[in-house]
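First up is the structure itself, then whatever we jot down about it.
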Amino acid sequence: MRRRYEAAFILPLPNEKRLTDDGWEFTADTRLPEATRIFLATALGMQPLEQFAGEQHYVSPEVDASTLEDDSGAIELVHIKLYDMRAEHLLKMFDASSLAATTELFFPPSWKK
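Below, the structure is given as structure tokens:
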């Protein structure tokens, strides 16, 4: 059984976002800094799990994340699934990190009514 989660993305700045029939699509001319991996490991306490087809998966008790990498291994974006962590807590940690100056933490609008 799948657990409910809230989605978030770490994106390079500047970027463009589009909601399509297939979900969110992002484009950016730049990549995320290597500090992104450090943020996942230290701030979120995540461990690398597996890597295949340009994606590195990370896990922790509260959060899952996947980094999408280009052919050179640079991170294009991070998709985060918040299971037992509130979005406000992630935002506070992100704002306190070095990532906040050059990247964006994006929470897609909720479709809840």
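Numbering-wise (numbering that gives the first Met the number 0), the sequence shown opens with residue 0 and increments by one. Beta carbons are placed, not taken as given, at the ideal position from N, Cα and C, and that holds for glycine. Since we're looking at a predicted model, the values are computed, not measured.
Buried versus exposed, by CB contacts within 10 Å (16 or more), Ile9: With at least 16 other beta carbons inside 10 angstroms of its own, Ile9 counts as buried.
Euclidean distance between Cα positions of Thr41 and Thr26: Counting only the Cα atoms, Thr26 lies some 27 Å from Thr41.
Straight-line gap, Asp69 to Gly53 (C-alpha atoms, nearest Å): As the crow flies, the alpha-carbon of Asp69 is around 7 Å from that of Gly53.
Whole alpha helix (DSSP H) elements within the segment 73 to 105, 4-residue minimum: With a minimum length of 4 residues, the continuous alpha helix (DSSP H) runs that stay inside the segment 73 to 105 are 86 to 94.
At least three beta-carbon pairs within less than 8 Å, the segment 96 to 107 to the segment 10 to 23: Yes: at least three Cβ pairs fall under 8 Å.
Per-residue DSSP class, three states only, for Leu39: It is helical.
Where Ala34 falls: helix, strand or coil (DSSP): DSSP places Ala34 in helix when its eight states are reduced to three.
Burial state of Leu39, where buried means 16 or more other Cβ atoms lie within 10 Å: Per the 10 Å Cβ criterion, buried.
Continuous beta strand (DSSP E) stretch holding Glu61: start and end: Counting along the chain, Glu61 falls outside any beta strand (DSSP E), and DSSP gives it neither H nor E.
Given 8 Å, three or more beta-carbon pairs between the segment 90 to 101 and the segment 67 to 81: No, the segment 90 to 101 is not in contact with the segment 67 to 81.
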